[in-house]
């Protein structure tokens, strides 16, 4: 080897020697660091290293599982087995939105305590969720939105501003739509709703007040000169508890009626079992409510002025907490 070649190789060898020394030094430092760790820390470090090393293996196993499930579903289909449709597939099969409009009137904000405003928020979440999954989704409106309700929505559910297929207005419902199109749902109305007119907009009072303002929705409907009606609950249902439905219950009953065109089926599909609802005419089979008179105080089944039916206070039972998580998820459902 010539002297020129040796000169050319020398810088390369020096760089390698330096790199080797640095690597050895680093390894020594790492080893020294590991030695200073406690037993539990070393175990955690080893588990993490093992987890990183097996990352590719886990990915491959997940891929194999997906392939296996896909083959199983395909085999079931070939054998004539009925497959359970996925939520995405169900969503694709949903028919176009009904022309019928359901409106939640949020103009009662100042009449509610903040805890009841939070309950109304959960009911609205439920309404939004069930409408998104309904076979016959309606045109959903929130009107007069502001005050405590909007503040709570902004604080606890920032994503609500990205909700789809919902019209949110700060104006009142009678400013958004013509009065001749409106029907206010209130239990104080002498009119019973027999059929749904899909050219109408049905208004549900967004009020959770434990009957402190009984009759207020009926009075407002009369003052505005708009049509009003109550659900035909008394024609189909006998309940042991108070005939009080939450905003989301009214909303869901309307959606279910659009799907089934049967009020009785709509009521008994939606009403919570704890209310002891039985078909009218079968009262003898009901079990008497022994819970005594406790004021209903739940997250999504709170008293709602729009659909209250008069029942003596002594028949009012205590009821369990019913939160938005019973939704959709629920999501899950407001």
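Numbering (full-length UniProt numbering), first residue to last: 1 to 334. Glycine included, every Cβ here is placed at the ideal spot set by N, Cα and C.
Is the Cβ-Cβ distance between residue i and residue j less than 7 Å?
{"i": "residue 200", "j": "residue 183", "result": "yes"}
{"i": "residue 168", "j": "residue 148", "result": "no"}
{"i": "residue 206", "j": "residue 170", "result": "no"}
{"i": "residue 98", "j": "residue 198", "result": "yes"}
{"i": "residue 152", "j": "residue 121", "result": "yes"}
{"i": "residue 125", "j": "residue 189", "result": "no"}
{"i": "residue 257", "j": "residue 102", "result": "no"}
{"i": "residue 135", "j": "residue 259", "result": "yes"}
CB-CB under 8 Å to residue i, same chain, minus the five flanking residues each way: which ones, in chain order?
{"i": "residue 52", "result": "none"}
{"i": "residue 222", "result": "228"}
{"i": "residue 172", "result": "105, 107, 143 and 144"}
{"i": "residue 232", "result": "192, 193, 194 and 263"}
Look at the alpha carbon of residue i and the alpha carbon of residue j, and state the distance between them as a whole number of angstroms.
{"i": "residue 326", "j": "residue 192", "result": "With a pLDDT of 39 at residue 326, under the threshold of 50, the modelled position of this residue cannot be trusted, and the question is left open."}
{"i": "residue 56", "j": "residue 160", "result": "38 Å"}
{"i": "residue 218", "j": "residue 178", "result": "18 Å"}
{"i": "residue 297", "j": "residue 209", "result": "Interpretation of residue 297 is limited by its pLDDT of 36, a score under 50 that renders its predicted location unreliable; the figure taken from the coordinates is listed afterwards. Taking the straight line joining both Cα atoms gives about 10 Å."}
{"i": "residue 175", "j": "residue 139", "result": "17 Å"}
{"i": "residue 45", "j": "residue 58", "result": "19 Å"}
{"i": "residue 39", "j": "residue 62", "result": "32 Å"}
{"i": "residue 215", "j": "residue 115", "result": "22 Å"}
{"i": "residue 64", "j": "residue 72", "result": "12 Å"}
{"i": "residue 154", "j": "residue 37", "result": "46 Å"}
{"i": "residue 74", "j": "residue 133", "result": "26 Å"}
{"i": "residue 358", "j": "residue 245", "result": "The requested residue 358 is not part of the displayed model; the chain covers only 1 to 334."}
{"i": "residue 60", "j": "residue 69", "result": "14 Å"}
{"i": "residue 213", "j": "residue 113", "result": "13 Å"}
{"i": "residue 47", "j": "residue 278", "result": "58 Å"}
{"i": "residue 273", "j": "residue 129", "result": "21 Å"}
{"i": "residue 150", "j": "residue 123", "result": "14 Å"}
{"i": "residue 137", "j": "residue 100", "result": "9 Å"}
{"i": "residue 261", "j": "residue 54", "result": "56 Å"}
Within the same chain, show all residues whose beta-carbon is closer than 6 Å to that of residue i, passing over the 5 residues directly before and after it, in chain order.
{"i": "residue 204", "result": "104, 185, 247, 250 and 306"}
{"i": "residue 156", "result": "none"}
{"i": "residue 264", "result": "236"}
{"i": "residue 234", "result": "none"}
{"i": "residue 269", "result": "256"}
{"i": "residue 285", "result": "In this prediction, residue 285 has a pLDDT of 47, which is less than 50 and means its spatial position is unreliable; nothing more can be read from the coordinates."}
{"i": "residue 220", "result": "none"}
Got a sec: does the ligand MN put a non-hydrogen atom nearer than 6 Å to the Cβ of residue i?
{"i": "residue 165", "result": "Absent from the structure shown: the ligand MN. Ligands present: none."}
Our contact map puts residue i next to residue j with C-beta atoms below 8 Å; I'd like the distance itself, whole angstroms only.
{"i": "residue 267", "j": "residue 253", "result": "6 Å"}
{"i": "residue 166", "j": "residue 196", "result": "No, residue 166 and residue 196 are not in contact; Cβ-Cβ is about 20 Å, not under 8 Å."}
{"i": "residue 131", "j": "residue 224", "result": "Their Cβ separation, rounded to whole angstroms, is 25 Å, which puts residue 131 and residue 224 out of contact at 8 Å."}
{"i": "residue 238", "j": "residue 280", "result": "5 Å"}
Within its chain, find whatever has a CB closer than 7 Å to the CB of residue i; leave out the 5 residues flanking it on each side and keep chain order.
{"i": "residue 158", "result": "none"}
{"i": "residue 50", "result": "none"}
{"i": "residue 180", "result": "none"}
Curious, which full-length alpha helix (DSSP H) runs of at least 4 residues does the stretch 99-171 contain? Segments of the alpha helix (DSSP H) lying fully in the stretch 99-171: 114-133 and 147-156.
Going residue by residue through the stretch 248-272, where are the continuous alpha helix (DSSP H) segments of at least 4 residues, counting only ones entirely within it? If only uninterrupted alpha helix (DSSP H) runs of at least 4 residues are considered, those enclosed by the stretch 248-272 are 263-270.
Extract the residue ranges of the alpha helix (DSSP H) inside the stretch 172-241, only unbroken runs of 4 or more that lie entirely within it. Runs found: 173-176 and 216-224.
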